[in-house]
Structures are given as C-alpha cells and as structure tokens.
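Okay, structure first, notes after.
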Amino acid sequence: MTTLTPKPSGAGSSAPTIVSRPSPSGRCFNYSAGPGALPEEVLKQAQKDLWDIFNTGVGILEHSHRRSTFDRVLAEAEADIREVGNIPSDYAVLFMQGGASSQFHTIPMNFLAKDKSDTADYFDTGEWSHKAIREARLFGKINVCGDTSSTGYDHIPKGNEVRYTTGAKYCYFESNSTVYGIQFHQDPSPPAGVELVVDACSDMFWKPVDVRKYALYYAGAQKNLGPAGTVIVIARRDFLEKGHKDLPWLLQYRTFEKEQSRPNTPATFGIYLVGQMVKWIRRQGGLKAMEQLNRAKAGMVYECLDGSSFYKAPARKEDRSFMNILFRCPTAELDRQFCAEAEKRGLDALAGHRSTGGMRASLYNSMPIEGAEALVKFMKEFESRHG
Ligand SMILES: *Cc1c(COP(=O)(O)O)cnc(C)c1O
96 MTTLTPKPSG AGSSAPTIVS RPSPSGRCFN YSAGPGALPE EVLKQAQKDL
146 WDIFNTGVGI LEHSHRRSTF DRVLAEAEAD IREVGNIPSD YAVLFMQGGA
196 SSQFHTIPMN FLAKDKSDTA DYFDTGEWSH KAIREARLFG KINVCGDTSS
246 TGYDHIPKGN EVRYTTGAKY CYFESNSTVY GIQFHQDPSP PAGVELVVDA
296 CSDMFWKPVD VRKYALYYAG AQKNLGPAGT VIVIARRDFL EKGHKDLPWL
346 LQYRTFEKEQ SRPNTPATFG IYLVGQMVKW IRRQGGLKAM EQLNRAKAGM
396 VYECLDGSSF YKAPARKEDR SFMNILFRCP TAELDRQFCA EAEKRGLDAL
446 AGHRSTGGMR ASLYNSMPIE GAEALVKFMK EFESRHG
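Residue numbers (the working numbering): 96 to 482.
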C-alpha cells in the first residue's frame, strides 16, 4: 500500500483524503454505478490513441468523422459488437446520442400510433423504467403490466403480479435496475406477437445474450460498456422500418441505420471507446468469460452479506442483481462511516443512490476480481469493529 498526496478538494468538496490505494496499479477500485470504471488496458490504449491513432499523426478526438481513420474505428466497433454479441445480420447495430434517457421518448414516438390509440406494456421495476413510463404516456396508452414500486422495488414481478395486454405494440422492461439492484433473470413472456423492448443500460453484455428475443435492445455505454454520451441500439431491421416516417430526421431510427450512425457528427470518441471495450471483452474470452467473472464477483459479496447479521440487503434473493449490489449497516450513521472509511482506503463511490441511501457496489464488466475481494475484506473488517 502506498501513501499518496491528498486528492485536491474542489470548492465544497468533502471528499476524505485517500490514504491508500488497493489496486496494484495505484488507482482506486471504483464501484460507481455510472459512469463506471473502465479496464486499465483500455484507458492506456486510449491515452496513446488520443495522441496518435493508427500512426496517422493525429489523435482520435481530432479526426473527421467522414474520413478513413474514423471509417475504420466505426467499422471495427460495429464488427466487434456483432462478433462478441453474436448479433445476426437482420439486426442493426446503431450508435446514437442524447443518453439512454432519450430512448424513453424515441421508442414510443416511433412505434405507437400518432392518434395515441396504441397500447404498450411497461414493467415498472425501478427508477429508469418509471421515467420511461412517464415519457411513453405522451405517446399512447401505457399499461403498467407489472409494478413493484409498492414494496420499494425489492423484486421482479412474476406470476399473477403480471398482466399483459394482448395486441400491445410492444412490452418494455429494464433488464437490470441500476438504482434498486434487482435483475430479470428470466425475460418477460408477453402474449405471442408482442415485441420485447429492453433497456439494458446496466447489464448489456454482462453475459451471453440472444438478441433474437428482442425487437430493440439498447444501453447507454457508461455503465457496462464505455463512456457516457454514446447509446448502443441493437434492433431488428424490420421493426425499425415500422417507425413513423414523418418525425424529425434525427428522431427516426432508420436515419441512423441508413447513415451508418453518422447522419450528423457522432460522438466519435465514445464510439471509439466502446470499440476498445468490446475488443477487451473479446481478449478476456468473450461474454462467457464476462459471465464467469461477474458471477464470481457478485457471488463473493452476496456470500458475505448472507453470512452477516450486521448488513442488510433489500433485494429478494432470487431477483438480486449481478451488477449493482445494495446493502446497508444497522444505522444511517454507520452507512456514512462505512463509505467515508472505504473511500479513504481507495474503495471509491460506494454510497447508494440518493433515493435509496445505504451502499451500492457496482461490479460491472470492468471491475477486476480483486475489486470484489477488496470490498469483502473491508466489509468483514468494518463489521468486526462495529458489529
Ligand atoms: C443510467 C441509466 C439510464 C439513463 O442513462 P442516461 O445516459 O443518463 O440517460 C437509463 N436506464 C438505466 C437502466 C440506467 O441504468
């Protein structure tokens, strides 16, 4: 463990001084829910490419999005996503902007009838699906087909908690609730003919996926797959073609498909970094290796929680998330102390979302196994001092 100079604290910042950094490279372990950690290898490559990419004498940020260097970056990013995610050719892979939240309106705006006569089914299983529902109501009849808000989003609705609409245009769900730490381990099964649309922001590519089950599968990159500002949309081409044709040009999916994700200037650096991230996933052994790693990390932390009477975890066991793990100490004061002490030891960003309090450890693809080990070690030690 090395002692480092204190972090400069900006105006109003109350960040405690970091006294040690547990990562072998001298960085902190970052449990941020998003923007989240990135692999060190990816960051080092990006450092080089910021200066000079492909030996062009120009950095990635400075290349025109219409010239051959960026042609290559974009083509490789798409090809690598297709290979790693096993995406069939009748699916488009698009890079969009506006953050994942702009999909909340773009989806219903494109696919629900203009006279608002269509129905879409939405699961309300957390903060983001709740917001998506609010937006979708501007465009059609929204049936909340499953809703666990009344129990604090502690589980995924199942069985008779779910009421689908026959003839719905699509059924929308948030595959992993980033804020509440619950995850669909089985996809919803709406009536035949109802398309599935998925917000997979915080768990896209956490394990192998069969996108053929979905009409549209999207994620903001900043949780599991890259930097903020870039949205990855993987969608069946014939579904996208059903979108209205009299919407603003940049709000139609077909525009992005036709223009290969660059109708206007795309977020070039974001696309580059998503590409690097997917190459990194491939070097690790692809999505099967990601699943193994992610299961090992979360398993370790849940084992610690299950064996403790000090920590409480709000999510029901069968629905808990492999990506975002929520837990709390017996008092809010101890939660605060936990986060402050952890931060001093280089275990960063463990405070829960402002709506839940407590702690949240996000263990996305980029988090090494050592990050989960360091967290468990600290949890046990904290418990032994305060339990
Ligand atoms: C973070 C997140 C969003 C919102 O992403 P923005 O890019 O900030 O708009 C939406 N859905 C889920 C599941 C998320 O985790």
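Glycine residues also receive a C-beta, built at the ideal position from the N, C-alpha and C atoms.
Counting along the chain, the unbroken alpha helix (DSSP H) around Ile366 starts and ends at 363-379. Under DSSP, Met454 takes part in a beta bridge, and its partners are Phe422, Ala446. In this structure, DSSP gives Ser224 a helical state, which the three-state scheme calls helix. Between the stretch 181-193 and the stretch 237-254 there are fewer than three C-beta pairs closer than 8 angstroms, too few to call the two in contact. Assigned with DSSP and collapsed to three states, Thr214 falls in strand.
Under the three-pair Cβ rule at 8 angstroms, the stretch 360-380 counts as touching the stretch 125-142. Here the C-alpha atom of Asn181 lies approximately 8 angstroms from the C-alpha atom of Asp305. In the DSSP assignment, Cys240 falls within the unbroken beta strand (DSSP E) covering 236-242. In this structure, ligand 1 has no non-hydrogen atom nearer than 7 angstroms to the beta-carbon of Thr201. In this structure, Val292 places its C-beta atom within 8 angstroms of the C-beta atom of Tyr265. Under the three-state reduction of DSSP, Glu336 is assigned to coil, being neither helix nor strand. For Cys424, the Cβ stays outside the 7 angstroms cut-off from all heavy atoms of ligand 1.
Assigned with DSSP and collapsed to three states, Ser196 falls in helix. Closer than 7 angstroms to some heavy atom of ligand 1: that describes the Cβ of Gln317. Rounded to whole angstroms, the gap between the alpha carbons of Asp333 and Ala310 is 9 angstroms. Looking only at Leu458, Ile148, Ser404, the smallest Cα-Cα distance to His481 is reached by Ser404. Not a single heavy atom of ligand 1 lies less than 7 angstroms from the C-beta of Gly131.
By the 16-neighbour rule on beta-carbons within 10 angstroms, Ser297 is buried. Ala408 sits close to Phe422, with the two beta carbons spaced by under 8 angstroms. Close CB contacts of Lys209 within its chain, under the 8 angstroms cut and outside five residues either way in sequence, are with His339 (chain order). Of the other Cβ atoms in all chains shown, 16 or more fall within 10 Å of the Cβ of Ser457; this residue is therefore buried. With a cut-off of 8 angstroms on Cβ pairs, the stretch 212-227 is in contact with the stretch 261-278, counting three or more such pairs. When Tyr126, Met191, Glu269, Pro183 are compared, the shortest CA-CA separation from Val369 is found for Met191.
At least 8 angstroms separates the beta-carbon of Ser272 from that of Gly315. When secondary structure is reduced to three states using DSSP, Leu400 falls in the helix class.
Excluding sequence positions up to five before and after Cys434, its CB lies within less than 8 angstroms of the CB of Leu445, Ala446, Met454, all in the same chain and listed in chain order. Considered as a whole, the stretch 282-333 harbours 290-294, 311-315, 326-331 as its complete beta strand (DSSP E) runs of no fewer than 3 residues, in chain order. Close CB contacts of Phe234 within its chain, under the 6 angstroms cut and outside five residues either way in sequence, are with Pro203, Met204, Leu207 (chain order). Shown here for Leu346: same chain residues with a beta carbon closer than 7 angstroms to its own, the five before and five after excluded, namely Thr201, Met204 in chain order. Listed in chain order, the non-local C-beta contacts of Glu178 below 8 angstroms within the same chain comprise Arg377, local neighbours out to five positions each way being set aside.
Ranked by Cα distance from Glu256, the options Glu468, Asp219, Ser224, Ile327 are led by Asp219. The beta carbons of Ile327 and Leu335 sit no closer together than 8 angstroms.
Distance from the Cα of Glu476 is smallest, within the candidate group His448, Arg440, Arg357, for Arg440. Contact annotation: Gln198 and Tyr312 have beta-carbon atoms that are not nearer than 8 angstroms.
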